[in-house]
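*Asks:* Residue numbers (the working numbering): 12 to 495.
Positions of the beta carbon are idealized from the N, C-alpha and C atoms, including for glycine.
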Ligand code: ATP
Ligand code: MG
Ligand code: ZN
Ligand code: MG
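1) Quick one, are the C-beta atoms of residue 105 and residue 95 less than 8 Å apart?
2) Residue 43 to residue 35, Cα distance in whole Å?
3) Specify the secondary structure class of residue 243 as computed by DSSP and reduced to three states.
4) Run the proximity test for residue 214: is its beta-carbon closer than 7 Å to any non-hydrogen atom belonging to ligand 3?
5) With burial defined as no fewer than 16 other Cβ atoms inside 10 Å of the residue's Cβ, what is the status of residue 201: buried or exposed?
6) For residue 393, verify whether its CB is less than 7 Å away from any heavy atom of ligand 3.
7) Cα separation between residue 193 and residue 322?
8) 8 Å is my cut-off, CB to CB: does residue 196 come that close to chain B?
9) In the DSSP assignment, find the unbroken beta strand (DSSP E) run with residue 36 in it and report its ends.
10) How close, in whole Å, do the beta carbons of residue 476 and residue 376 come, if the pair is a contact with beta carbons under 8 Å?
11) Below 7 Å CB to CB, which residues in the same chain sit around residue 405 once its five sequence neighbours on both sides are set aside?
12) Would you list the one or two residues that DSSP bridges to residue 41?
13) How would you write the range of the beta strand (DSSP E) that residue 134 sits in, first residue to last?
14) From the DSSP secondary-structure annotation, give me the bridge partner or partners of residue 49.
15) Buried or exposed for residue 269, please, with buried defined as at least 16 other CB atoms from any protein chain shown within 10 angstroms of its CB.
16) So residue 223 and residue 215 are in contact, right, with Cβ under 8 Å, and what is the actual spacing, rounded?
17) May I ask you to report which of helix, strand or coil DSSP gives residue 110?
18) What distance in whole Å lies between the Cβ atoms of residue 429 and residue 101, which are believed to be in contact at a cut-off of 8 Å?
19) Mapping DSSP to helix, strand and coil, what is residue 205?
20) Mapping the DSSP letters down to three states, classify residue 194 as helix, strand or coil.
21) Between 78, 136, 320, which has its C-alpha nearest residue 47's C-alpha?
22) Please work out which residues of its chain come closer than 6 Å, Cβ to Cβ, to residue 420, disregarding the five sequence neighbours upstream and downstream, and give them in chain order.
23) Tell me the residue span of the beta strand (DSSP E) that contains residue 461.
24) Between which residues of its own chain and residue 372 is the CB-CB distance below 6 Å, once the five residues before and five after are set aside?
25) Taking the C-alpha atoms as reference points, what is the distance between residue 474 and residue 273?
26) Please output, in chain order, the residues near ligand 4 using a CB cut-off of less than 6 Å to any non-hydrogen atom of the ligand.
27) What is the rounded straight-line gap between the Cα of residue 384 and the Cα of residue 465?
28) If distances are taken between C-alpha atoms only, which option among 231, 181, 188 comes closest to residue 166?
29) According to DSSP, residue 434 sits in a beta bridge with which residue or residues?
30) Express the C-alpha separation of residue 143 and residue 83 in angstroms, rounding to a whole number.
31) Once you ignore the five residues that flank residue 210 on each side, which residues in its own chain have a CB closer than 6 Å to its CB?
32) Would the beta-carbon of residue 435 fall within 8 Å of that of residue 161?
33) DSSP on residue 487, reduced to helix/strand/coil?
34) Is residue 199 helix, strand or coil by DSSP?
35) Does DSSP classify residue 286 as helix, strand or coil?
Structure (structure tokens):
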């Protein structure tokens, strides 16, 4: 990529989240991730000085080009030096900061504007700093896997928090029984963020049990919200509709998937196509991706109390002993024993890595918030004190508080990241390294798994997290009191 010869016509709109907008190159397997900031600030910023921009920190603050560059550099450093060692080399691509010509960025911003979903247009792309992050396009597979005419499929999942808090600081009993995602659903529905409750429960996805993972993905497909996107050949083919009232069309998805799960020996129903598709996703998520797996695999085991979310529809169906769910699975019965006991997976699996990082939040926001206040107070009194040793128990020291706050920030990032599973069919005679191949069904696929969106979460958002937690829990208790 020649930075001085950038042409907006070589790039197209790819997608966006709350903090950044992504464009992809039309030929090379590259994306550019650009910052966004609240649109009402845009005009003001422009008037003040072109070199001054707003960067989407928790509280937007004025930034010069140099500061914007530094901000993206921090994102790269954090991803590379903090998250990558925790999540594993093979899953994380940290990218590199680039300085782009302002003329290119402005033309690009105009070009892509009409393709942006309406619900994201409360923010605008940063066209002032010219700074961006260049990353490999993870919706593609590396060229060595080509050889089939069918473009790669890519499933992006934002799994959210996969465990129930186990901290002794938790005051509301319901937080030990119902997961944050499921509680948050009620709050989001009440606030008009979404129109339907999702049946997805992160605890199912992180369970390590194939049956529960299958159901989690099936529920994501039925109500993707912002937790699931599907790409084909790098193009978005399935996600939540811009008009939140509309449901995405599963039949349309099946039409896309059919060529990948069509076998010469018989007719495939829509249901079988979806079943096979979900099985491929599960297998990729459960793969260790390790070419030289040595000896015994260390397993991650959660105690029973942490793995069941009482709000998960699956859990409710199970309590009612709902047989239709079991038969719909085509994968053997969900025996209560399997349900509770087979909740382990190898520690090198991407989901296990993410869960481990999430569980660094071992105090819960309720236990963490007082430590945050301790740090705040300390910073007021001694703004320049250097760090000392870190005690493992709370001895009332500032060192303990600082260490816990940093640990909590890592967990926040892991609770907000996405996993991308990209796969493409490979021919009968194609030789693949064993770790790059999955054959859960009749089709053979080459695949890769990556973890993305590993930005540091601002220290300043901790009080917000504390308030939000109280709101969500209180709203959940209030709204479910009649049904309990
Ligand atoms: P969030 O609101 O989830 O925090 P964000 O603003 O931090 O999102 P990202 O999640 O990093 O932004 O990127 C937005 C979207 O762009 C992703 O959901 C994904 O679909 C796409 N994307 C990001 N990075 C890549 C990549 N390297 N390859 C392909 N697609 C990508
Ligand atoms: Mg994201
Ligand atoms: Zn749940
Ligand atoms: Mg993000």
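*Replies:* On the basis of the data shown:
1) Cβ distance < 8 Å, so residue 105 and residue 95 count as in contact.
2) Looking at the two C-alpha atoms, the distance is approximately 6 Å.
3) Of the three classes helix, strand and coil, the one that applies to residue 243 here is strand, per DSSP.
4) Checking every heavy atom of ligand 3 against the Cβ of residue 214, one is found closer than 7 Å.
5) Looking at its Cβ environment, which holds fewer than 16 other Cβ atoms inside 10 Å, residue 201 is exposed.
6) The answer is no for residue 393.
7) Using only the alpha carbons, I get a separation of about 6 Å.
8) Of the protein chains in this structure there is only one, and it is not chain B.
9) That run of the beta strand (DSSP E) goes 31-36.
10) Their Cβ separation, rounded to whole angstroms, is 5 Å, which keeps residue 476 and residue 376 in contact under 8 Å.
11) Within the same chain, residue 405 has close Cβ partners 411.
12) Residue 41 pairs with 147.
13) Segment 134-136, the beta strand (DSSP E) holding residue 134.
14) DSSP lists 134 as partners of residue 49.
15) So residue 269 ends up on the exposed side.
16) For a cut-off of 8 Å, the C-beta gap from residue 223 to residue 215 is around 4 Å, short enough to register as a contact.
17) Of the three classes helix, strand and coil, the one that applies to residue 110 here is strand, per DSSP.
18) With 8 Å as the limit, residue 101 and residue 429 do not qualify as a contact, their Cβ atoms being about 16 Å apart.
19) The answer is coil: DSSP assigns residue 205 none of H, G, I, E or B.
20) In the structure shown, residue 194 sits in a helix (DSSP, three-state: H, G or I).
21) Of 78, 136, 320, the residue nearest in Cα terms is 136.
22) Leaving aside the five residues that flank residue 420 on each side, the residues in its chain whose CB is nearer than 6 Å to its CB run, in chain order, 468.
23) Run containing residue 461: 456-463, per the beta strand (DSSP E) assignment.
24) Within the same chain, residue 372 has close Cβ partners 419, 422.
25) Pairing residue 474 with residue 273, the inter-Cα distance amounts to about 52 Å.
26) Taking a cut-off of 6 Å from the heavy atoms of ligand 4, the residues with a C-beta inside it are 28, 30, 427, 464, 466.
27) In a straight line, the C-alpha of residue 384 is about 25 Å away from that of residue 465.
28) Of the residues 231, 181, 188, the one whose Cα lies closest to the Cα of residue 166 is 231.
29) DSSP output for residue 434 lists 164, 458 as bridge partner(s).
30) Each residue's alpha carbon lies about 7 Å from the other.
31) Cβ within range, chain order: 230, 324.
32) Between residue 435 and residue 161, the C-beta gap is smaller than 8 Å, which places the two residues in contact.
33) Residue 487 falls in the helix class under three-state DSSP.
34) Here residue 199 carries a helix assignment [DSSP, helix/strand/coil].
35) Helix at residue 286.
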